[in-house]
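Numbering (our numbering), first residue to last: 1 to 441. Here a beta-carbon is modelled for each residue, glycine too, at the ideal position from N, C-alpha and C. The model shown is predicted, which means the values in this text are computed figures rather than measured ones.
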Ligand SMILES: Nc1ncnc2c1ncn2[C@@H]1O[C@H](COP(=O)(O)OP(=O)(O)O)[C@@H](O)[C@H]1O
Ligand SMILES: [Mg+2]
């Protein structure tokens with residue numbers, strides 16, 4: 001567990017990069033910090049491995065202030081991945097991966113074996129190990145960056161916008177890789193990105209930061225999408241947050257329909273059926289595209305397909321939106337055509353999901369109203385109790401005063417006025433039988 005305790009960082013030129021930020025990064029799972037460029041993300045991340053020291057506050061690791069830990073020891077326990085992999089250009093891939101083991105003084109054979117093992121773990125062919133970084137694609141370099149960070153089996157993986165320089169397809173693969181590593185190796189991952197979609201995909205919890213390194217919201221991705229804490233968060237999450245929140249809609253049970261399938265786009269439509277949608281599949285039964293009713297023999301694009309059962313609702317919506325016929329095409333786990341579902345039917349599932357979300361929001365609203373009511377009643381009860389207390393004290397004080405007054409009255413009646421000296425009588429009014437001190441007789 002990493003805990004930021006009221007940390008601030010003001011650079012020597014006066015730039016306030018982080019201000020009074022407190023945040024707990026739990027040990028299991030992935031925590032993502034997301035925010036616009038310049039909001040202090042890199043500064044925060046580098047505070048964890050002490051590449052940057054905070055100007056105020058502290059960072060603790062499982063309760064120990066990291067200031068007390070030696071930088072070299074600390075960094076061995078924390079893998080660090082940066083954009084573009086940050087590989088050494090003149091060292092081979094295997095040498096790059098073996099950097100930390102080498103620093104730790106492992107012998108060559110052990111280092112080499114570990115590097116080979118990691119190359120495989122991140123999904124790279126063994127022969128790539130002899131190449132230099134420039135001979136690898138951006139995505140491959142990034143995989144090497146991840147492998148290098150894992151070399152000494154650190155507990156914590158710090159990742160600074162690791163996938164922002166690769167194309168969306170490669171990025172999705174890398175995200176899958178890191179998710180798999182997280183579940184398999186159980187590392188604590190602290191990752192930063194400026195991309196909300198990436199934050200949603202990767203984070204078990206997401207910290208949204210705003211300019212000046214202030215925390216705008218720290219929550220699960222679902223909560224952030226459904227209940228942004230402020231105007232800033234809502235803006236940052238973006239207009240399509242409704243669509244994005246479908247990511248969490250789970251996989252609905254869908255009723256599929258069938259359409260006519262053919263092997264060859266040049267087929268006989270037959271009489272009076274010119275607008276019937278016809279799906280073209282290959283020899284294995286995998287969908288290839290829709291037959292174009294206007295231009296016989298030609299294919300319309302397929303759009304995206306989804307796997308049934310199991311596809312999250314967002315993928316089904318995507319398939320319906322990208323299909324030229326409005327029919328989303330389902331395939332089985334083997335990639336073969338399984339059936340279709342219409343965009344109308346998909347929207348019904350979306351509506352059902354939204355109704356569920358709205359209901360949970362209403363429940364939450366009612367609960368918070370009930371909480372507020374309970375708090376109000378409790379405050380009233382306390383106020384009444386206090387008033388009663390004060391009244392009791394006042395009455396007691398009055399009774400005491402009354403007792404004193406009547407006692408005084410009784411003494412007066414018994415012994416006459418001179419026997420009783422008022423407590424606050426001035427010295428000059430002392431009774432005559434007392435000799436003033438120091439006076440000669
Ligand atoms: N060494 C530095 N000296 C002065 N200002 C810096 C330094 N490093 C970063 N900054 C400034 O601090 C702010 C936060 O930077 P950074 O942590 O890199 O943000 P992010 O990673 O979110 O883009 C920015 O305004 C940046 O210009
Ligand atoms: Mg940065």
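Anticipated Cβ contact below 8 Å, residue 277 with residue 325, distance rounded:
At roughly 5 Å, the Cβ-Cβ gap stays under 8 Å, so residue 277 and residue 325 are in contact.
What are the partner residues of residue 33, as DSSP defines its beta bridges?
Beta-bridge pairing links residue 33 to 192 and 207.
Looking at residue 329 and residue 279, is the spacing between their C-beta atoms short of 8 Å?
Going by C-beta atoms, residue 279 is nearer than 8 Å to residue 329.
Where does residue 249 fall in DSSP's three states?
Assigned with DSSP and collapsed to three states, residue 249 falls in coil, not helix or strand.
Check whether the Cβ of residue 42 sits closer than 7 Å to any heavy atom of ligand 1, and report yes or no.
Checking every heavy atom of ligand 1 against the Cβ of residue 42, one is found closer than 7 Å.
Neighbourhood of residue 76 by C-beta distance below 6 Å, restricted to the same chain and skipping five residues each side:
Contacts found: 152.
Below 8 Å between beta carbons: does that hold for residue 162 and residue 32?
Taking the C-beta atoms as reference points, residue 32 is found no nearer than 8 Å to residue 162.
Report the CB separation of residue 129 from residue 115 in whole angstroms; it is logged as a contact under 8 Å.
Contact holds; Cβ gap of about 7 Å.
Assumed close pair residue 317, residue 346 - CB separation to whole angstroms, cut-off 8 Å:
Cβ atoms of residue 317 and residue 346 come within 8 Å of each other, at about 6 Å.
Since residue 5 is in the beta strand (DSSP E), which residue starts that stretch and which ends it?
Segment 2-10, the beta strand (DSSP E) holding residue 5.
Nearest-angstrom Cα distance between residue 354 and residue 197?
Between the alpha carbons of residue 354 and residue 197 lies a distance of about 20 Å.
Across the stretch 3-19 and the stretch 46-54, are there enough close Cβ pairs to call them in contact, namely three or more that are closer than 8 Å?
The stretch 3-19 is in contact with the stretch 46-54.
Does residue 25 pass the burial test, meaning 16 or more other C-beta atoms within 10 Å, or should it be called exposed?
Classification for residue 25: buried.
How about residue 34 and residue 190: are their beta carbons less than 8 Å apart?
Result no, Cβ atoms of residue 34 and residue 190 do not sit closer than 8 Å.
Looking at the unbroken alpha helix (DSSP H) that takes in residue 240, where does it start and where does it end?
Neither: residue 240 is in no alpha helix (DSSP H) and is coded neither H nor E.
Please say whether residue 158 and residue 45 have beta carbons closer to each other than 8 Å?
Yes, the pair counts as a contact, with Cβ atoms nearer than the cut-off.
Opening and closing residue of the beta strand (DSSP E) in which residue 328 lies:
Counting along the chain, the unbroken beta strand (DSSP E) around residue 328 starts and ends at 327-331.
contact_flag[the stretch 180-189, the stretch 207-222] where n(CB pairs < 8 Å) is 3 or more
Short answer: they don't touch.
Relative to ligand 4, is the shortest distance from any of its heavy atoms to the C-beta of residue 373 smaller than 7 Å?
Within the structure as shown, ligand 4 is missing, the only ligands being ligand 1 and ligand 2.
The alpha helix (DSSP H) enclosing residue 175, as first and last residue numbers
Unbroken alpha helix (DSSP H) run through residue 175: 168-185.
Please name the residue in 219, 303, 327 and 296 whose C-alpha comes closest to that of residue 258.
Ranked by how close their Cα comes to the Cα of residue 258, the residues 219, 303, 327 and 296 have 327 in first place.
Residue 195 beta carbon near ligand 2 (any heavy atom closer than 7 Å):
Checking every heavy atom of ligand 2 against the Cβ of residue 195, none is found closer than 7 Å.
Residues of its chain near residue 256, where Cβ-Cβ distance is below 8 Å and the 5 sequence neighbours each way are ignored:
Around residue 256: 308, 330, 338, 339, 340 and 341.
Check the C-beta distance from residue 299 over to residue 291 and give it rounded, since I have them as a contact under 8 Å.
About 7 Å separates the beta carbons of residue 299 and residue 291, which is inside the 8 Å limit, making them a contact pair.
Span separating the alpha-carbon of residue 351 from that of residue 388
Looking at the backbone, the Cα of residue 351 and that of residue 388 are separated by about 55 Å.
Could you tell me which residues DSSP pairs with residue 257 in its beta bridges?
The bridge partners DSSP lists for residue 257 are 340.
Would the C-beta of residue 11 count as close to ligand 1, meaning under 7 Å from any of its heavy atoms?
Under cutoff, so the answer is yes.
Could you check whether the Cβ of residue 219 sits closer than 7 Å to any heavy atom belonging to ligand 2?
No, ligand 2 has no heavy atom inside 7 Å of this Cβ.
Whole angstroms are fine: how far does the CA of residue 23 sit from the CA of residue 43?
The alpha-carbon atoms of residue 43 and residue 23 are separated by roughly 14 Å.
Does residue 17 come out as helix, strand or coil in the three-state DSSP assignment?
Strand at residue 17.
Would you kindly work out how many angstroms separate the C-alpha atoms of residue 105 and residue 93, rounded to a whole number?
Per the coordinates, the alpha-carbon of residue 105 lies some 19 Å from the alpha-carbon of residue 93.
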